[in-house]
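Have a look at the structure below before the remarks.
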Amino acid sequence: MALYSEKVMDHFRNPRNIGVIEDADGIGEVGNAKCGDIMKIYLKIENDIIADVKFETFGCGSAIASSSMATELIKGKPVAEALKLTNKAVVEALDGLPDYKMHCSVLAEEAIRSALDDYYQKNPEKKPEQ
Ligand code: FES
Numbered sequence: 043m044a045l046y047s048e049k050v051m052d053h054f055r056n057p058r059n060i061g062v063i064e065d066a067d068g069i070g071e072v073g074n075a076k077c078g079d080i081m082k083i084y085l086k087i088e089n090d091i092i093a094d095v096k097f098e099t100f101g102c103g104s105a106i107a108s109s110s111m112a113t114e115l116i117k118g119k120p121v122a123e124a125l126k127l128t129n130k131a132v133v134e135a136l137d138g139l140p141d142y143k144m145h146c147s148v149l150a151e152e153a154i155r156s157a158l159d160d161y162y163q164k165n166p167e168k169k170p171e172q
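The numbering used here applies: residue 43 is where the sequence shown begins, and numbers increase by one.
Now the structure itself:
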């Protein structure tokens, strides 16, 4: 079996939503201390919907594929759904990642969470009741 699924290779070679949103409502940047990879997510939020999302990833192919897939999974979705995105959902959508590459998908989950935290810090009135 090939190490990487066709979906991983596709999202690595043709990443979706790569770039920057200049007037983003939320920005999240996370890194993995072990491999040194960094992922940055930009969110544009309108009426509680992820109107646009872009990413910049300085990292391995799995991190790029995970960022690309994660942005596709939350684009156009309600913020509440984006908050629930797990790395497991990203891996499933990619048809799997090798075990030692799981942390790359965790980075995508964390980057989106961090961008949403930033959004709520700037817009505390939008924060859902805990
Ligand atoms: Fe660290 Fe992929 S090797 S994010």
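Note that CB positions come from ideal geometry on N, CA and C, so glycine has one too. Note that this is a predicted model, so its numbers are computed, not measured.
#### Entry: residue 79 CB to nearest heavy atom of the ligand FES below 7 Å
Your numbering for residue 79 matches position 37 in the sequence shown. The answer is yes for residue 79.
### Cβ pair count under 8 Å reaching 3, the segment 92-111 against the segment 135-150
These segments touch.
### Message
Based on DSSP bridge pairs, tell me the residues matched to residue 68.
### Response
Here residue 68 corresponds to residue number 26 of the sequence shown, with the count starting at 1. 85, per the DSSP bridge assignment.
### Message
Following a CB-centred definition, is residue 74 positioned closer than 7 Å to any heavy atom of the ligand FES?
### Response
In the sequence shown, counting from the first residue as 1, residue 74 sits at position 32. Yes, since a heavy atom of the ligand FES falls inside the 7 Å radius drawn around the Cβ of residue 74.
### Query
CB of residue 101 to nearest heavy atom of the ligand FES: below 7 Å?
Locating residue 101 in the sequence shown gives position 59, where the first residue counts as 1. Yes, Cβ of residue 101 sits closer than 7 Å to a heavy atom of the ligand FES.
#### Entry: Per-residue burial, residue 50 [other beta carbons within 10 Å of its own, 16 or more giving buried]
Along the sequence shown, read from residue 1 onward, the residue named residue 50 stands at position 8. Result: buried.
### Task
With DSSP as the reference, label residue 98 as helix, strand or coil.
Along the sequence shown, read from residue 1 onward, the residue named residue 98 stands at position 56. Strand at residue 98.
### Task
From the DSSP output, in three-state form, read off residue 75 for me.
Here residue 75 refers to the residue found at position 33 when the sequence shown is read from its first residue. Three-state DSSP puts residue 75 in coil, outside helix and strand.
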